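Here the working numbering is used: the first residue of the sequence shown is -1, the next is one more, and so on.
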Amino acid sequence: MTVWTPVALARDIEPGTATGTTVDGDSVALWRGTDGAVHAWADRCPHRGMRLSFGFVREDRLVCLYHGWQFDGAGACRHVPAHPRMEPPKTVKPQQYRTVESAGFVWVSPTDADGTPDVPDTEITPVRSVWIDGDRGTVLALLGLDGTGALVTGTIDGTDVIAGIQTIDAHTTAVHVVAVGIAPADTVNALVLRLHELRDSVSSTREVVVS
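So, in structure tokens, the structure goes:
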């Protein structure tokens, strides 16, 4: 796993929600409690292996969909519905990753990673995350962006943007885009439309080739 990986736009992980993503081939559950804190865990319940991203958030706990085991923000099991009077075992905890919200992105790293993500000190406006068929180089060329790190910069239809690049697998790349500065709504809408057009153009080409 790389030191820091952008996995979402921060505004898209709303309080009380859980979702799944992939980081360096590993399935990761992202969730945000009603206290506003975002968490990233291995997407596997330590009880029976159900995907934690299929679960739901109850206040500041993530609840597994399978047997309803509840885990707090520190990963400690706090409640086992089948045995409500039992003190949950302290050793049953999901694998945790470090999470940081910075420059409009949610970042994930190994728990032993040092420091924080290297991000530009500028105002941003969240735009959209898109998943595009293609490896990193193909996707950057498609969007007209440039860079070698987790964040790349460039211009899309005249608007300066910063994009967080996340490799989903060998054939798919997620791009989390923010506009530099405070962008008006019509600019954001135009960028969203353009990103969808570029994503769909690749998908359409792939469908033609496959058929």
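Positions of the beta carbon are idealized from the N, C-alpha and C atoms, including for glycine. These numbers were taken from a predicted model, which means no experiment stands behind them.
Checklist entry - Taking the C-alpha atoms as reference points, what is the distance between Gly179 and Thr97? => result 24 Å
Checklist entry - Based on Cα-Cα distance, which residue from Val117, Ala40, Leu138 lies nearest to Gln94? => result Ala40
Next on the checklist: Assuming Leu50 is part of the beta strand (DSSP E), what are its boundary residues?
Outcome noted: Neither: Leu50 is in no beta strand (DSSP E) and is coded neither H nor E.
Item to check | Beta-carbon contacts of Asp70 that lie in its chain and below 6 Å, excluding the five residues immediately before and after | outcome: Arg59, Arg76
Checklist entry - For His81, does the three-state DSSP call read helix, strand or coil? => result DSSP places His81 in coil when its eight states are reduced to three.
Item to check | As assigned by DSSP and simplified to three states, the class of Asp158 | outcome: strand
Item to check | Extent of the continuous alpha helix (DSSP H) to which Leu63 belongs | outcome: Counting along the chain, Leu63 falls outside any alpha helix (DSSP H), and DSSP gives it neither H nor E.
Next on the checklist: If you measure between the beta carbons of Pro92 and Gly73, is that distance less than 7 Å?
Outcome noted: yes
Item to check | Stretch-stretch touch, CB-based, cutoff 8 Å, three pairs: the region 106 to 120 with the region 168 to 175 | outcome: no
Item to check | Endpoints, alpha helix (DSSP H) assigned at Ala139 | outcome: 134 to 141
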